[in-house]
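In our numbering, the protein residues as written are 7 to 510. Contents: one structure, followed by commentary.
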Ligand code: GLU
């Protein structure tokens with residue numbers, strides 16, 4: 007085996023990749039890159055009944071969108087291919103037969119009905135039926151039947167499975183990088199099916215054989231696979247192969263309370279649980295998240311850097327990541343915090359890039375305002391409003407008045423700010439603006455403030471209603487910056503409009 011770190015992400019194409027699967031892929035990627043190793047994508051599609059069209063493409067698109075492409079996998083053949091288990095089908099049977107020869111596996115002919123009968127029979131007696139040492143000799147298999155009987159059944163083409171013969175009365179010592187040592191009493195294990203007569207291996211056999219043949223050094227996967235670890239270790243022992251090291255990542259928990267995060271939580275809480283959209287479900291990409299933000303929040307689900315640092319680029323994560331800072335306990339999924347990460351990453355984007363995204367965003371692209379197509383103008387708008395935005399789509403709500411004159415005025419603000427003498431004051435402000443040639447923020451500010459001083463007016467009498475007529479509300483950045491950007495003509499029009507539509 008080479009010394010290069012080789013890890014794999016091994017999804018089954020049974021649907022879209024959810025956020026937990028993506029976190030597994032990310033941790034594999036980070037670990038591989040940290041150790042200058044290889045990140046492999048293997049598609050575990052041995053269960054044809056659960057195969058979903060388009061799922062493999064979806065997985066690949068999601069990894070690419072996050073900026074964590076695989077080094078080897080479907081379409082990127084390396085020397086360990088093919089990388090789809092369905093295309094490796096022919097190689098698994100011999101491994102199952104090898105275990106039969108070694109006396110570590112056996113043929114079983116029990117029909118589904120028979121097994122169901124045993125299950126129900128046990129249940130009725132308050133017991134659980136487990137196919138293992140404890141009753142295998144009473145069932146229909148190559149341990150209980152004579153070699154002739156077995157051969158006759160095989161010759162007659164009867165359906166069979168090949169089961170692993172779990173050892174009796176042994177204590178198995180397992181090792182997990184995150185969880186440490188785990189002791190297992192082999193008597194509790196059942197004789198798992200490794201191979202079926204339809205010519206397909208089960209997950210367990212194909213997974214172990216491929217990890218071995220692909221020279222995988224570390225298996226990093228979700229906690230839901232921890233119960234399979236004993237069998238996997240036993241299979242490595244049975245074949246006489248060195249096992250890779252294992253690391254089982256903690257579950258991702260619901261935003262509130264206990265339990266594993268599910269698709270339903272997303273529907274209830276109005277947040278995505280898929281990276282990209284899938285049928286009716288919106289993905290993080292479509293919801294306006296930056297891949298940097300998704301990678302950042304996923305990295306901190308179950309891992310911590312041991313410092314207060316929260317914002318990490320992918321490169322920083324590669325440098326900082328280590329499996330010994332992954333915790334055992336479940337990681338709570340916090341949609342609010344995810345929005346915060348997006349807000350943070352949005353602030354790190356250039357105004358030009360944000361302007362381009364905003365111009366394409368449906369919230370502005372569908373509007374009939376001309377300025378939405380003026381990149382220089384939009385870039386300036388973005389520079390003034392982005393601080394408060396978590397998403398590009400927030401820009402419209404935060405800065406609509408940069409594009410359209412207000413169509414209404416905040417009622418509460420009108421009540422509070424629009425006094426009897428306000429129309430007169432606004433009239434004077436208007437004349438003041440008309441005479442300003444250098445219509446820049448600082449110049450307008452100096453002139454307006456001087457005028458307020460000279461007239462012995464208070465700022466409170468002028469500035470809030472002034473903002474109200476320009477913006478339609480009390481929101482927005484520095485008012486004089488807004489005036490400069492919308493320009494003299496538009497500023498004056500807005501004052502006129504307000505004077506004629508608000509109470510005199
Ligand atoms: N095919 C399994 C899955 O769908 C892979 C589990 C593993 O990584 O061993 O997650």
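Each residue gets a CB set at the ideal place from its N, CA and C atoms; glycine is no exception. Nothing here was measured: the structure is a model prediction, and the numbers come from that model.
Residue of 320, 217, 77, 187 minimising C-alpha distance to residue 94: Of 320, 217, 77, 187, the residue nearest in Cα terms is 217.
The ligand GLU heavy atom lying under 7 Å from the CB of residue 185: Outside the cutoff, so no.
Distance cut-off 7 Å: residue 398 Cβ against heavy atoms of the ligand GLU: Because no heavy atom of the ligand GLU lies under 7 Å away, the Cβ of residue 398 does not count as near it: no.
Stretch pair the segment 376-395 + the segment 345-353: three plus CB contacts closer than 8 Å: Yes, the segment 376-395 touches the segment 345-353.
Continuous alpha helix (DSSP H) stretch holding residue 66: start and end: Here the alpha helix (DSSP H) through residue 66 covers 61-72.
Whole-angstrom distance between residue 225 and residue 211, CA atom to CA atom: In a straight line, the C-alpha of residue 211 is about 15 Å away from that of residue 225.
Integer-rounded CB distance, given that residue 254 should sit under 8 Å from residue 185: The beta-carbon separation of residue 185 and residue 254, rounded to 6 Å, stays under the 8 Å limit for a contact.
Check whether residue 308 and residue 333 have beta carbons under 8 Å apart: Yes, the pair counts as a contact, with Cβ atoms nearer than the cut-off.
Per DSSP, the bridge partner or partners of residue 186: According to DSSP, which records beta bridges pairwise, residue 186 is partnered with 182.
Cα-Cα separation between residue 419 and residue 478, rounded to whole angstroms: Rounded to the nearest whole angstrom, the CA to CA distance from residue 419 to residue 478 is 9 Å.
Segment contact flag, the segment 226-235 with the segment 98-106, C-beta cutoff 8 Å, min 3 pairs: By the Cβ rule, the segment 226-235 does not count as touching the segment 98-106, because fewer than three pairs are nearer than 8 Å.
Same chain, Cβ closer than 7 Å to residue 343, neighbours up to 5 away in sequence not counted: Sequence-distant partners of residue 343 (beyond 5 residues in either direction) whose C-beta falls short of 7 Å from its own C-beta, in its chain, are 303.
Boundaries of the alpha helix (DSSP H) in which residue 272 is found, first to last residue: Residue 272: member of the alpha helix (DSSP H) spanning 269-275, first to last residue.
DSSP-derived helix/strand/coil call for residue 238: Three-state result, residue 238: helix.
Where residue 197 falls, given that 16 or more other Cβ within 10 Å makes a residue buried: It counts as buried.
Distance cut-off 7 Å: residue 16 Cβ against heavy atoms of the ligand GLU: Taking the Cβ of residue 16 as the reference point, at least one heavy atom of the ligand GLU falls within a distance shorter than 7 Å.
Range of the contiguous beta strand (DSSP E) that encloses residue 228: That run of the beta strand (DSSP E) goes 224-228.
Range of the contiguous alpha helix (DSSP H) that encloses residue 44: Careful: residue 44 lies outside any alpha helix (DSSP H), inside the beta strand (DSSP E) at 44-47.
Buried versus exposed call for residue 241 [16 or more other C-beta atoms within 10 Å across all chains shown]: Of the residues assessed, residue 241 falls on the buried side of the cut-off, its CB having 16 or more other CB atoms within 10 angstroms.
Per DSSP, cross-strand counterpart(s) of residue 147: DSSP output for residue 147 lists 114 as bridge partner(s).
Cα-Cα separation between residue 86 and residue 162, rounded to whole angstroms: When rounded, the distance between both Cα atoms is 37 Å.
Paired residues, beta bridge with residue 177 - DSSP: Looking at the DSSP assignment, residue 177 forms a beta bridge with 191.
6 Å CB neighbourhood of residue 281 in its chain, flanking five on each side removed: So the qualifying residues of the chain are 28, 68, 289, 290.
Burial state of residue 371, where buried means 16 or more other Cβ atoms lie within 10 Å: Per the 10 Å Cβ criterion, exposed.
Residue 162, DSSP secondary structure in three states: Coil at residue 162, not helix or strand.
Cβ shell of residue 331 (< 8 Å), same chain only, five flanking positions each side left out: 309, 310, 311, 312, listed in sequence order.
Contact test: residue 225 Cβ vs the ligand GLU heavy atom, cutoff 7 Å: Residue 225 Cβ: within cutoff of the ligand GLU.
8 Å contact criterion, which residue 398 and residue 363 should meet: CB distance rounded: With a Cβ gap of about 5 Å, residue 398 and residue 363 count as contacting.
Nearest-angstrom Cα separation, counted from residue 305 out to residue 251: One Cα belongs to residue 251, the other to residue 305, and the distance between them is close to 21 Å.
Contact check, residue 432 vs residue 501, beta carbons under 8 Å: Result yes, Cβ atoms of residue 432 and residue 501 sit closer than 8 Å.
Endpoints, beta strand (DSSP E) assigned at residue 353: It is not in any beta strand (DSSP E) - residue 353 instead sits in the alpha helix (DSSP H) that spans 341-353.
Residues of its chain near residue 298, where Cβ-Cβ distance is below 6 Å and the 5 sequence neighbours each way are ignored: Sequence-distant partners of residue 298 (beyond 5 residues in either direction) whose C-beta falls short of 6 Å from its own C-beta, in its chain, are 351.
Residue 287 in three-state terms, based on DSSP: Correct three-state label for residue 287: strand.
Runs of alpha helix (DSSP H) lying entirely within the segment 421-481, each at least 4 residues, in chain order: For secondary structure counted as the alpha helix (DSSP H) over 4 or more consecutive residues, the segment 421-481 holds these complete runs in sequence order: 428-440, 447-460, 465-477.
Residue 261 vs residue 229 beta-carbon contact at 8 Å: Taking 8 Å as the Cβ cut-off, residue 261 and residue 229 do not qualify as a contacting pair.
Nearest-angstrom Cβ-Cβ length linking residue 284 and residue 22, presumed shorter than 8 Å: The beta-carbon distance between residue 284 and residue 22, rounded to whole angstroms, is 4 Å. This is short enough to meet the 8 Å contact definition.
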